Amino acid sequence: MSENISWRNIQEGDQFAFKTLFQSTYKKLVLTSIYYVENTEEAEDIVQNVFLNLWNKRNKLTIEGELIAYLTTAVRNQSLNVLEKRKTKKKYQEYLSFNSIDTNQYLSDPFFLEKLQNAIERLPEKCRLVFIKNRLEGMKNKEIAEELSISIKTVENQIGKALHLMRDALRDYLPLIAMAAFIK
Amino acid sequence: MLPIEELIIKYIENECTVVEKHQVEDWINQSDENRQKFDELRTIWLSAKVNSTDEETAWNTIEKQIISTTRPAFSFYKIAASILLIATIGLSYIYFNTDSQNYFPTISSTVIRSESDKKEVVLPDGSQVTLNKNSSIKYNGDFQSSRKIKLTGEAFFDVVRDESHPFIITTETINVKVLGTSFDIKAKPGKKASVHVKSGVVQVNNIIDRDSIQVVKNEQVVVSDNHLVKANMTNENAFAWKTGIITFNNDQFSEVVSTLEEVYDIEIELANPRLSQCVLTAKFENKSIKEVMTLLKEIYRFNVSYKNAKIIVNGNSC
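Quick note, the sequences are listed as chains A and B, same order. Residues in the first sequence are numbered consecutively from 1, following this note's numbering. Residues in the second sequence are numbered consecutively from 1001, following this note's numbering.
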């Protein structure tokens, strides 16, 4: 984990240490970013930029405390910058910019993504298939409907059902984020 | 009203109608419990997508950029196998735009474009592409289950070997199938399509007459009158734009001019036709066109002038 990686090694140009840091924190940081920007590609770009900046500025940068804390803050700030520039924002996204809620409680659980994966695997057959095609393979509902010879309506139902079942399975692992009445 | 999960998904994905948007927001505002539920569903929905990301692929993208700041251009000769493809793609933009939906019936597509400079790209399967300026590649979906690419312009490919997923590059007139090798594709408008193989084996298919030819090391295929014609490789400067090394070996000036035009993407005019009889033996490494012209000027006592992005060479003879 990142705790074992010394900032000094990275400052000295140790690419292996840098790679280890990257690989052990990448998904977590993408999760952090996606919470704001709601788009995987953008989230990945943001995280990769943060790492590139970190590497390029390594000689000038003093990092106190844990690297993961620094990275999380940098990713969050960049995500908010991206959100700022958007023409259309949802109300809760504006809310996110102004309120520093701890969105990363669930991220402190290193097994969160594994639990999520398990929850996907335990979905009923058809539900799982449709969910994976939509969410992990990036197919459009229309394309899924055509491939499986079912209606788009059924595809949407199954995805909704999958999400419902996954929430039931994961509830205990999700933090209580009592969002304020942000949409008013 | 739809089940709330379905509505929330549409809401997050920006696919709601105005009415549905209000339904969701009203629902969220009804109670703390709803807000909590919204946040949980949203978190799961967004996080599920993260499971499809791959830190290994992401690292390759980063590594490329880190290395380029600490190491000079990558060595061409480290690559085990390579081919060069020159393909005509005069109408490729139109082709891409009209036919793409039918050609790849599923999933979103990714377009990567270079502008006034070369660009290095790492594909999701780890394969590396160097795009020459004003070029683009396009692929559909996640590139994992099917490795198909369309190209406009010119690119050098270093393909990760994966025999169960052949790597296929399509241009307007031909497609090239490789199992894992490095190769260079030139697909500029108005030029004859051709494939140059440095090493390894590549299969070239003619889209028009469905002819198919295997090309091996030091061979080339040219598309002439819509047919594939195989010959030994003659153009030793085929990779010059990528390597920065141009070699002339007793080459006539007409040949030299067309190579320089090709590599530097400029126009050169020999004001005196007799100059095309001149012969040159030289090796240029990472030289700008101005440096090349200055050297030629000194060797042959040419007059070199620059007019509107065109280089005019004048002189009596060699």
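C-beta: ideal position from N, C-alpha, C; glycine also. Just so it is clear, the structure is predicted and the values come from calculations on it, not from any experiment.
From residue i to residue j, what distance separates their C-alpha atoms?
i       : j       : result
A/I189  : A/I34   : In the structure displayed, chain A extends from 1 to 184; residue 189 of chain A sits before or after that span and is not available.
A/R58   : A/A17   : 13 Å
B/A1048 : A/K140  : 16 Å
A/A169  : B/E1025 : 25 Å
B/N1060 : B/F1157 : 15 Å
B/K1138 : A/N134  : 21 Å
B/S1276 : B/K1290 : 19 Å
A/F131  : A/L174  : 20 Å
B/V1195 : B/E1261 : 19 Å
A/R128  : B/E1020 : 26 Å
B/K1230 : B/S1114 : 31 Å
A/G138  : A/N157  : 17 Å
A/S79   : A/Q48   : 12 Å
B/F1248 : B/S1254 : 12 Å
B/T1110 : B/N1303 : 47 Å
B/N1286 : B/E1219 : 26 Å
B/I1246 : B/V1256 : 10 Å
B/I1213 : B/K1192 : 17 Å
B/S1164 : A/I144  : 24 Å
A/S151  : A/K142  : 8 Å
B/M1001 : A/T72   : 39 Å
B/I1083 : B/V1129 : Reliability of the predicted coordinates at B/I1083 is poor, the pLDDT of 39 falling under 50, and no value is obtained from them.
A/Y92   : A/Y36   : 10 Å
B/D1054 : B/D1162 : 18 Å
Under 8 Å, Cβ to Cβ, is there at least one residue of chain B near residue i?
i      : result
A/W55  : yes
A/F111 : no
A/F16  : no
A/K60  : no
A/Q11  : no
A/T40  : yes
According to DSSP, which residues form a beta bridge with residue i?
i       : result
B/F1167 : B/R1147, B/V1178
B/I1112 : B/I1137
B/Y1306 : B/I1311
B/D1251 : B/L1280
B/N1232 : B/E1219
A/V155  : Partner(s): none; A/V155 has no beta bridge.
B/L1270 : B/V1313
B/V1256 : B/V1256 is not bridged to any residue.
B/K1119 : B/L1131
A/N9    : In the DSSP output, where bridge partners are listed per residue, A/N9 has none listed.
Is the CB of residue i under 8 Å away from at least one CB in chain A?
i       : result
B/T1061 : yes
B/G1126 : no
B/G1141 : yes
B/P1166 : no
B/E1267 : no
B/E1006 : yes
B/Q1065 : yes
B/I1012 : yes
B/I1009 : yes
B/E1120 : no
Is the CB-CB distance between residue i and residue j below 8 Å?
i       : j       : result
B/K1217 : B/K1198 : yes
B/L1007 : B/Q1023 : yes
B/V1223 : B/N1206 : yes
B/A1271 : B/N1314 : yes
A/I46   : A/V75   : yes
B/A1238 : B/I1266 : no
B/S1135 : B/F1167 : no
B/I1012 : A/I159  : no
B/S1317 : B/R1274 : yes
Select from the options the residue whose C-alpha is nearest the C-alpha of residue i.
i       : options                            : result
A/F112  : B/C1016, B/L1280, B/V1050, B/V1202 : B/V1050
A/Q117  : A/T62, A/T25, A/A162, A/V37        : A/A162
B/V1204 : B/T1171, B/F1302, B/I1246, B/F1143 : B/T1171
A/R122  : A/T88, A/K87, A/V82, A/H164        : A/H164
A/S24   : B/L1280, B/E1056, B/E1015          : B/E1056
*Determine which residues of the region 1037-1056 of chain B have a Cβ less than 7 Å from any Cβ of chain E, and write them out in chain order.*
In summary, chain E is missing from the structure at hand, where the protein chains are A and B.
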